[in-house]
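Visitor:
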Amino acid sequence: MKLHASDTQKYQTVTGYDETGVEINAQRYHYSLIVLPEIPPRAWDAPTFESITAEHFDTIGADSPDVVILGTGVKQRFIHPRLTAALTMRRIGVECMDSQAACRTYNILMGEGRKVTLALIIDSSIDNSIDHEGNPA
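To convert, count from 1 in the sequence shown and add 1; that's my numbering.
(1) Taking the DSSP output, what are the residues bridged to residue 84?
(2) With respect to the alpha helix (DSSP H) encompassing residue 28, which residues constitute its N-terminal and C-terminal limits?
(3) Looking only at its chain, what residues have a beta carbon closer than 7 Å to the beta carbon of residue 27, apart from the 5 residues adjacent to it on each side?
(4) Quick check on the burial criterion: 16 or more other C-beta atoms within 10 angstroms. Buried or exposed for residue 92?
(5) Starting from residue 56, follow the beta strand (DSSP E) in both directions and report where the run begins and ends.
(6) According to the Cβ coordinates, are residue 20 and residue 75 closer than 7 Å?
(7) Measure from the alpha carbon of residue 96 to the alpha carbon of each residue in 33, 113, 124 and 73, then state which is nearest.
(8) Counting only the same chain and skipping the five closest in sequence on each side, list residues whose C-beta sits under 7 Å from that of residue 47.
(9) DSSP has residue 118 in a bridge; who is on the other side?
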């Protein structure tokens with residue numbers, strides 16, 4: 002799905018997504034990412050939902066967001082509260098949703114000026130053999 006451009010392009014905006022990747026400001030990524038409005042996206046060593054540990058959320062907490070939107074892949078899954086306990090203790094909210102909903106929600110919150118982090122799991126076991134323009138490689 003392609004999203005419409007807006008005046009938020011000076012920020013890291015989700016401009017497209019599908020099951021194999023995500024576009025941030027029209028640049029394609031095929032691996033799990035951490036996305037914040039004012040910082041270039043960075044790889045997140047969380048290749049699957051099952052691989053997530055408390056340390057993955059410690060990394061996110063270092064950025065001190067107000068809320069973390071966790072994109073869990075094709076379907077919505079809920080993370081165990083013990084994994085996000087360190088964030089909860091710091092009053093950082095964590096919301097779990099499927100990745101498409103997470104991308105949309107991130108864009109809305111970012112557009113409102115919220116200090117939001119998108120933690121997006123892109124399952125490395127899905128065929129990612131397409132180029133940055135979405136064409137078969």
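The beta-carbon is built from N, C-alpha and C at its ideal position, and this holds for glycine as well.
All values reported here derive from a predicted model rather than from experimental measurement.
Guide: So, to answer that:
(1) Taking the first residue of the sequence shown as position 1, residue 84 is located at position 83. Its beta-bridge partners do not exist; DSSP assigns none.
(2) The sequence position of residue 28 within the sequence shown is 27, counting from 1. Note, residue 28: premise wrong, no alpha helix (DSSP H); beta strand (DSSP E) at 28-30.
(3) If you number the sequence shown from 1, residue 27 lands on position 26. Correct list, in chain order: 16.
(4) Here the question's residue 92 lines up with position 91 in the sequence shown. Exposed, since its Cβ has fewer than 16 Cβ neighbours within 10 Å.
(5) Here residue 56 refers to the residue found at position 55 of the sequence shown. Looking at the DSSP string, residue 56 is not in any beta strand (DSSP E); the run it does join, the alpha helix (DSSP H), is 55-62.
(6) For the purposes of this step, residue 20 is taken as residue 19 along the sequence shown, with counting starting at 1. For the purposes of this step, residue 75 is taken as residue 74 along the sequence shown, with counting starting at 1. It is a contact, given that the beta carbons lie within the stated cut-off.
(7) As a working note, residue 96 is residue 95 in the sequence shown. Of the candidates 33, 113, 124 and 73, the one whose C-alpha sits nearest the C-alpha of residue 96 is 73.
(8) Looking up residue 47 in the sequence shown gives position 46. Taken in chain order, the residues that qualify are 33, 53, 57 and 122.
(9) Position 117 of the sequence shown, counting from 1, holds the residue named residue 118. Looking at the DSSP assignment, residue 118 forms a beta bridge with 69.
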